[in-house]
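Undergrad: Keeping their order, the protein sequence lines are chains P and R. Under the working numbering, the residue at position 6 of the first sequence is numbered 6, and the numbers go up by one with no gaps. So the working numbering is basically just the index in the second sequence, starting at one, shifted up by 223. Glycine residues also receive a C-beta, built at the ideal position from the N, C-alpha and C atoms.
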Amino acid sequence: MRNLDECKAEVFRRSEERIRKRKKTQKYMLALGSTFAFCATVCSVLVVSGILNMGYETAEKDNQMLWEDEIPNTDNIQDTNDMPNSDVQDVLESTGCLYVQVDVETYGESHMNSHTVTDETQVAGLFEMIQNIFDNEDAVLREESPDFETIMYQNGNQDDSNDLSGGSSFKNMEYVIRFKTSNETYQIYLLNRGVLLDFTKKKALVLTGEELLDLKTAIAMEE
Amino acid sequence: MDNGASSYRRFLNGDQSAFDEIMQELFHGLVFFINRYVQDIHTAEDLAIDTFSDLIVHRHRYNFKVTLKTYLFMVGRSRALDYLRHRKVLNFVELSEADAVASDTQSLEERMLADERKRVVNAAIAQLPEDMRVVIHLIYFENMTYDEAAKVMKKNKKQVDNLLYRAKKELRIILGEDGEQLL
């Protein structure tokens, strides 16, 4: 059995050892806690930013849908006069709204024929063809293209921009091509004496013989 | 006499010699007490050293509401029971070491039990169950009050009283007619 001094020395030795071990454990726990806290912070930041992003995208989509819902049909446009045709075009372009129908009206001296195409592929094909004609670099450089307002005036048509669905407004035109979307929005092109008019954008373009032939062939299509 | 509380307060204030006083006053008593549980003087000494090192490592665990002696005996009892619970196998002592162990135990007993009366009782209580052994030890050898003994043994005063009554009864049987005079 040890004497009291030895026991005392042993008490202090063990105490120091235990204190050292306890400090080491505390440091380890602190390091572990800090790491855990850091990971938790990073994860929560990622999750929160993800949620915010998702919320932003949802809100954007909702806004877009709200916008689509708010696009008035042509009747509303006529009544309220609060949406110019260029806006309709922008909405159509931005929302990627598909044309589901095209009405082609052909005016003669004393008669009027019309036919409707509802096949989406044919409608899309015709729309693309007209777009290509206007977007053609060659077409942009055609300086002889007449002024839209002048043509409309010469043909005795009033520039009633709001009346997109009007049936009798274009009676002096040879062809009226009226694209229609599922939500009753119209895009109108007029063809008269080799000049193609974009009624919505108020643009006019003199077609080449080939373009005119192609377009007339295309609009003559029947379902 | 505050059984080391004032010394411990001085130790907490930086007086290292105060701890020597505490060791001087309480160490052997604690070893003797723990030996009642573990029945091995060297293990008891080891556990007593751990108990005292608790006073240094966990300086503010002792709240001065009980005497330092009571607190040390409480911690010592917990350590002894913990040791018995976790001891996987019984410790076997080599025959060559057995004499030394017996001699150490005897010398501690001689140091702790100054008078003949206590030595006789000490020999007799070895035959008692653990609880009775401990209560007799705390009351008769350490001169603790019933309250203090109850705190160390984690019992209430009434239980200690009953346990002591039954322990005395058993001791009278063991000691025979002499026991009447000793107790």
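Say whether chain C places a C-beta atom closer than 8 Å to the C-beta of Met1 (chain P).
TA: Included in the structure are the protein chains P and R, with no chain C among them.
Undergrad: Helix, strand or coil for Asp214 (chain P)? Go by DSSP, reduced to three states.
TA: Residue state, collapsed to three classes: helix.
Undergrad: Taking C-beta pairs closer than 7 Å, name the residues in chain R that Lys43 (chain P) reaches, listed in chain order.
TA: The question names Lys, yet the displayed sequence has Cys at residue 43 (chain P). Ordered by position in chain R, no residue passes the 7 Å Cβ test against Cys43 (chain P), which lies about 37 Å from the chain.
Undergrad: So which residues of chain R does Leu52 (chain P) contact, with C-beta pairs closer than 7 Å?
TA: Those do not exist, as Leu52 (chain P) stays about 47 Å from chain R at its closest Cβ, beyond 7 Å.
Undergrad: Do you know whose CA, among R:Phe242, R:Lys391, R:Ser240, lies nearest Asp354 (chain R)'s CA?
TA: Minimum Cα distance to Asp354 (chain R) is reached at R:Lys391.
Undergrad: Does the stretch 365 to 380 of chain R touch the stretch 293 to 301 of chain R, meaning 3 or more C-beta pairs lie closer than 8 Å?
TA: Yes, the stretch 293 to 301 of chain R is in contact with the stretch 365 to 380 of chain R.
Undergrad: I'd like the list of long-range same chain contacts for Val254 (chain R), defined as Cβ closer than 6 Å, with 5 residues on each side in sequence excluded.
TA: Around Val254 (chain R): Ala267, Glu268, Ala271.
Undergrad: Just to check my reading of the structure: Met129 (chain P) and Asp214 (chain P) have Cβ atoms closer than 8 Å, yes? What is that Cβ distance to the nearest angstrom?
TA: Indeed they touch by this definition, with Cβ atoms about 7 Å apart.
Undergrad: Which residue's Cα is closest to the Cα of Asn192 (chain P): P:Leu207, P:Phe12, P:Gln101?
TA: Comparing Cα-Cα distances from Asn192 (chain P) to each of P:Leu207, P:Phe12, P:Gln101, the minimum goes to P:Leu207.
Undergrad: For Ile279 (chain R), which residues from the same chain have a beta carbon less than 8 Å from its beta carbon, with the 5 sequence-adjacent residues on both sides left out?
TA: Hits under 8 Å: Phe242.
Undergrad: If you follow the beta strand (DSSP E) that Leu205 (chain P) is in, where does it begin and where does it stop?
TA: Run containing Leu205 (chain P): 203 to 206, per the beta strand (DSSP E) assignment.
Undergrad: Return yes when at least one heavy atom of the ligand GDP lies under 7 Å from the C-beta of Tyr28 (chain P), else no.
TA: Absent from the structure shown: the ligand GDP. Ligands present: none.
Undergrad: Whose C-beta lies closer than 7 Å to the C-beta of Asp273 (chain R) among residues of the same chain, with five residues either side of it excluded?
TA: Once the five neighbours on either side are set aside, the close Cβ partners of Asp273 (chain R) are Arg302.
Undergrad: Would Ser276 (chain R) and Arg14 (chain P) qualify as a contact pair, given that the criterion is a beta-carbon distance under 8 Å?
TA: Yes, they are a contact pair.
Undergrad: Compare the C-alpha of Leu183 (chain P) against each of P:Val47, P:Leu52, P:Met65, P:Thr25 and name the closest.
TA: The amino acid occupying residue 183 (chain P) in the given sequence is Asn; Leu does not appear at that position. Among P:Val47, P:Leu52, P:Met65, P:Thr25, the Cα nearest to that of Asn183 (chain P) belongs to P:Met65.
Undergrad: Looking only at DSSP bridge pairs, what is Arg178 (chain P) linked to?
TA: Answer is P:Asp103, P:Ile188, bridged to Arg178 (chain P).
Undergrad: Hey, how far is the Cα of Met152 (chain P) from the Cα of Ala204 (chain P)?
TA: Rounded to whole angstroms, Met152 (chain P) to Ala204 (chain P) spans 10 Å at the Cα level.
Undergrad: Would you mind reading off the limits of the beta strand (DSSP E) that contains His115 (chain P)?
TA: Here the beta strand (DSSP E) through His115 (chain P) covers 112 to 117.
Undergrad: Does any CB atom of chain R fall closer than 8 Å to the CB of Lys8 (chain P)?
TA: Lys8 (chain P) counts as touching chain R.
Undergrad: Thinking C-alpha only, which one of R:Asn258, R:Leu351, R:Glu248, R:Gly227 is nearest Ile397 (chain R)?
TA: Taking only the C-alpha atoms, the option nearest Ile397 (chain R) is R:Leu351.
Undergrad: For the candidate residues R:Arg308, R:Ile264, R:Ile359, whose alpha-carbon lies nearest to that of Tyr388 (chain R)?
TA: The residue with the shortest Cα to Cα distance from Tyr388 (chain R) is R:Ile359.
Undergrad: In angstroms, rounded to a whole number, what distance separates the CA positions of Pro180 (chain P) and Tyr186 (chain P)?
TA: Before going on, a small fix: residue 180 (chain P) reads as Lys here, not Pro. Taking the straight line joining both Cα atoms gives about 5 Å.
Undergrad: DSSP three-state label for Asp198 (chain P), please.
TA: In this structure, Asp198 (chain P) counts as strand in the three-state DSSP scheme.
Undergrad: From which residue to which residue does the alpha helix (DSSP H) around Thr121 (chain P) run?
TA: Start and end: 120 to 135.
Undergrad: Return the CA-CA distance between Asn136 (chain P) and Gln122 (chain P), expressed in angstroms with no decimal places.
TA: So the alpha carbons of these two residues sit roughly 21 Å apart.
Undergrad: If we ignore side chains and look at the alpha-carbon of each, how far apart do Leu394 (chain R) and Ala349 (chain R) end up?
TA: Each residue's Cα considered, the two are about 10 Å apart.
Undergrad: Report the neighbours of Gln247 (chain R) on chain P: residues whose CB is nearer than 8 Å to its CB, in chain order.
TA: In chain order: Leu4.
Undergrad: Determine the contact status of Phe409 (chain R) and Lys378 (chain R), defining contact as a CB-CB distance below 8 Å.
TA: Here chain R has residues from 224 to 406 only, and residue 409 (chain R) is not among them.
Undergrad: Under a CB-based cut-off of 8 Å, is Asp273 (chain R) close to chain P?
TA: Yes, Asp273 (chain R) counts as interfacial toward chain P.
Undergrad: Where does the unbroken alpha helix (DSSP H) through Tyr388 (chain R) begin, and where does it stop?
TA: Counting along the chain, the alpha helix (DSSP H) containing Tyr388 (chain R) begins and ends at 380 to 398.
Undergrad: Just to confirm before moving on: does the CB-CB distance between Thr200 (chain P) and Ile188 (chain P) stay below 8 Å?
TA: Their beta carbons are under 8 Å apart, which means Thr200 (chain P) touches Ile188 (chain P) by this criterion.
Undergrad: Whose CA, out of R:Phe250, R:Asn345, R:Gln239, R:Tyr231, lies closest to the CA of Met1 (chain P)?
TA: Among R:Phe250, R:Asn345, R:Gln239, R:Tyr231, the Cα nearest to that of Met1 (chain P) belongs to R:Phe250.
Undergrad: Which same chain residues end up closer than 8 Å to Arg282 (chain R) when comparing Cβ atoms and leaving out the 5 residues on each side of it in sequence?
TA: So the qualifying residues of the chain are Leu235.
Undergrad: Using a beta-carbon distance below 8 Å, is Glu244 (chain R) in contact with chain P?
TA: By this cut-off, Glu244 (chain R) is not an interface position.
Undergrad: The stretch 8 to 24 of chain P: which residues have C-beta closer than 8 Å to a C-beta of chain R, in chain order?
TA: Per Cβ criterion, the list reads Lys8, Glu10, Val11, Phe12, Arg14, Ser15, Arg18, Ile19, Arg22.
Undergrad: Measuring straight from C-alpha to C-alpha, what distance separates Gly108 (chain P) and Asn132 (chain P)?
TA: If I take the Cα positions, the gap works out to 27 Å.
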